[in-house]
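Working notes, beginning with the structure itself.
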Amino acid sequence: MGLDLEKEMTAGTVMNVFVDPVFKKEVDPSTAKHVAGYDGKTYYFCSLCSKKLFLEHPERYVES
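Counting with the numbering used here, you get residues -3 to 60 for the letters of the sequence shown.
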């Protein structure tokens, strides 16, 4: 999925948040430790396990 969502914060600022395509958890790209590129897009992951699963079969986790 790799959707780029905007999440409003209480202070009225907007923070970019991405969704881990494997575990569907929100990931802040500014603090993400696990990142991978696929088909010209950047994906952020909540864990190394999630990144490894994605890289084994990325077509399972991205929309065509």
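Backbone N, C-alpha and C fix where the C-beta goes; we use that ideal spot for every residue, glycine too.
- Item | For E55, the three-state DSSP class (helix, strand or coil) | Here E55 sits in helix by DSSP.
- Task: Could you tell me the boundaries of the beta strand (DSSP E) in which T38 lies?
- Result: In the DSSP annotation of this structure, the continuous segment of the beta strand (DSSP E) that includes T38 starts and ends at 37 to 41.
- Message: Between the alpha carbons of T27 and D16, how many angstroms are there, rounded?
- Response: A direct Cα-to-Cα measurement between T27 and D16 gives close to 13 Å.
- Drop a sphere of 10 angstroms on the beta-carbon of V23, count the other beta-carbons inside from all chains shown, and report buried for 16 or more, exposed for fewer. Classified as buried, V23 has 16 or more neighbouring CB atoms from the shown chains inside 10 Å of its CB.
- Would you call K48 buried or exposed, if buried means 16 or more other Cβ atoms sit within 10 Å of its Cβ? Exposed is the call here.
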